[in-house]
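Heads up: take any position in the sequence shown, counting from 1, add 137, and you land on our numbering.
Yeah, the Cβ is synthetic: ideal placement off N, Cα and C, and Gly gets one too.
Take a look at the structure below.
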Amino acid sequence: MTNSKPSVLLIYTGGTIGMMQDARTGELKPFNFKALTKQVPELEKFDIKLSSISFKNPIDSSNMHPRVWMELATIIKDNYQQHDGFVILHGSDTMSYTASALSFMLENLSKPVILTGSQLPIGIIRTDGKENLITAIEIASAQKNKKPIVSEVCIYFEYKLYRGNRTYKYNSAHFDAFKSPNYPALAEAGVDINYNNTALLKTSKKTLLVHTNLDNDIAVLKLFPGLSKKITLAILNTSGIKAVIIETFGAGNASTEEWFISALKQAIEKGIIIYNVTQCSEGAVIQGMYETSSTLKKIGVISGYDITFESAVAKLMYVLGKKLSHTKTKQLLERNLRGELSL
Ligand code: ASP
């Protein structure tokens with residue numbers, strides 16, 4: 138810390154929070170950062186040093202891409218020493234993917250990186266954006282004994298702070314848009330902000346390592362009764378594919394039909410990672426609990442345990458980006474790297 142006041146960097150990527158209605162079409166489109174901050178005069182009252190960086194062309198987060206995650210991770214790396222905390226304004230649609238990706242890309246994080254946004258643009262009277270933004274900044278600047286209280290990548294939305302890689306967007310209409318089904322909230326904001334100290338990740342004493350190699354040669358095969366052999370094979374035989382998430386039933390179960398198992402087995406023999414993630418939002422994959430998952434374990438399918446789908450996508454891109462051997466890749470996928478698994 139260079140200043141006695143905590144210093145926070147606000148990074149504006151886009152999303153509803155900064156959108157305005159197009160007068161002609163009525164569509165919501167990202168607007169510039171100045172227009173956003175003008176709506177929140179409260180920002181002037183903070184007893185912190187607040188700086189900002191805005192994307193030149195703010196985006197709706199449905200246009201999010203790993204190359205933007207690389208850009209964000211690089212912004213944080215380049216500004217890491219000068220700031221005590223970071224707030225990223227981001228659309229809620231893919232916020233959980235970005236939070237998950239950043240959690241893997243920023244190893245040994247010792248400062249808060251808080252993503253937030255809103256369901257209603259900040260210029261609308263009933264906006265949820267003001268509270269989200271103001272409290273996210275407060276959390277990003279919160280310190281105890283001159284050390285940040287939070288030192289991980291989080292999402293703050295509608296009075297709750299969550300570990301980003303544990304969340305998913307579950308509601309497009311409520312202000313309370315995110316859930317963290319397998320991990321408790323890290324803080325709750327009411328009159329005070331109450332931190333759940335035992336749930337927070339311990340601050341790393343090591344130097345920050347920023348990983349920007351991500352590999353998106355992955356696909357998803359969502360299982361459903363009636364999934365055809367033709368479609369399954371088309372996905373597994375896609376040229377250049379390195380990993381496939383199979384979205385399974387319940388505790389990681391799948392059809393035991395011979396063609397399905399041998400298709401997966403052949404893919405694994407070719408070196409493709411098959412990653413088992415459950416369709417259930419709560420609970421975990423436990424391969425071997427049922428007969429319908431024992432074979433998956435036997436043929437070398439990797440268990441995602443209680444990882445969210447969003448985090449599984451990000452973790453695969455991050456781990457594949459390291460270009461490790463099949464065994465090392467498998468080991469990293471099975472290990473809890475950033476608090477994304479309850480292991
Ligand atoms: N479509 C918007 C986005 O994700 C939704 C939002 O911000 O809540 O950018």
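{"query": "Can you determine whether any heavy atom of the ligand ASP sits closer than 7 Å to the C-beta of Thr153, and answer yes or no?", "result": "yes"}
{"query": "For Arg263, which residues of its own chain have a beta-carbon under 7 Å away from its beta-carbon, when the five flanking residues on both sides are left out?", "result": "Leu257"}
{"query": "To the nearest angstrom, how far is it from the Cα of Thr139 to the Cα of Leu173?", "result": "The pLDDT assigned to Thr139 is 49, lower than 50, so where the model puts this residue is not dependable, and the model offers no usable value."}
{"query": "Measuring straight from C-alpha to C-alpha, what distance separates Gly476 and Asn302?", "result": "8 Å"}
{"query": "Does the ligand ASP have a heavy atom nearer than 7 Å to the CB of Gly254?", "result": "yes"}
{"query": "Just curious, the beta strand (DSSP E) that Phe170 is in, first and last residue?", "result": "Counting along the chain, Phe170 falls outside any beta strand (DSSP E), though it belongs to the alpha helix (DSSP H) covering 170-175."}
{"query": "Classify Val145 as buried or exposed, calling it buried when 16 or more other Cβ atoms lie within 10 Å of its own Cβ.", "result": "buried"}
{"query": "Could you give the distance in angstroms between the alpha-carbon of Ala451 and the alpha-carbon of Leu358?", "result": "16 Å"}
{"query": "For Gly377, does the count of other Cβ atoms within 10 angstroms reach 16, so buried, or fall short, so exposed?", "result": "exposed"}
{"query": "Measuring alpha carbon to alpha carbon, tell me which residue in Asn169, Thr231, Ser189, Leu470 is nearest Phe308.", "result": "The residue asked about is misnamed: residue 308 is Asn in this sequence, not Phe. For the residues Asn169, Thr231, Ser189, Leu470, the minimum Cα distance to Asn308 belongs to Thr231."}
{"query": "Given this structure, state the Cα-to-Cα distance separating Pro318 from Asp443, to the nearest angstrom.", "result": "9 Å"}
{"query": "Using CA atoms only, rank isn't needed, just tell me which of Ala400, Met201, Ala277 is closest to Arg298.", "result": "One detail in the question is off: residue 298 reads as Leu in this sequence, not Arg. The candidate whose alpha carbon is nearest that of Leu298 is Ala277."}
{"query": "Is any heavy atom of the ligand MG found at a distance shorter than 7 Å from the C-beta of Thr231?", "result": "No copy of the ligand MG occurs in the structure displayed; its ligands are the ligand ASP alone."}
{"query": "Could you tell me the boundaries of the alpha helix (DSSP H) in which Phe446 lies?", "result": "446-458"}
{"query": "Keeping to the same chain, check which residues put their C-beta closer than 7 Å to that of Leu346; ignore five residues upstream and five downstream.", "result": "Glu244, Asn245"}
{"query": "Which runs of the beta strand (DSSP E) fall wholly inside the stretch 336-370 and span at least 3 residues, in chain order?", "result": "355-359"}
{"query": "Identify, in the order they occur along the chain, each residue of the same chain with its Cβ nearer than 8 Å to the Cβ of His220, setting aside the five sequence neighbours on each side.", "result": "Ser144, Val145, Leu146, Ser188, Lys248"}
{"query": "Who pairs with Ile410 in a beta bridge, going by DSSP?", "result": "Ala380"}
{"query": "By DSSP, does Pro203 sit in helix, in strand, or in coil?", "result": "helix"}
{"query": "Can Ile405 and Ile372 be called in contact, C-beta distance under 8 Å?", "result": "no"}
{"query": "Mind checking who Ile225 pairs with in its DSSP beta bridge?", "result": "Ile148, Leu252"}
{"query": "Is Gly389 close to the ligand ASP? I mean its beta-carbon at under 7 Å from any heavy atom of the ligand.", "result": "no"}
{"query": "What does Ser189 pair with, by DSSP beta-bridge criteria?", "result": "Leu147"}
{"query": "Below 8 Å between beta carbons: does that hold for Phe183 and Tyr149?", "result": "no"}
{"query": "What's the call for Lys460, buried or exposed, on a 16-neighbour Cβ count within 10 Å?", "result": "exposed"}
{"query": "Among all the DSSP beta bridges, which residues are the ones paired with Asn331?", "result": "Glu325"}
{"query": "Beta carbon of Asp197: closer than 7 Å to some heavy atom of the ligand ASP?", "result": "yes"}
{"query": "Beta-carbon within less than 8 Å of Pro203's beta-carbon, same chain only, minus the 5 sequence neighbours each way: which residues are those?", "result": "Ala238, Leu351, Asn353, Met454"}
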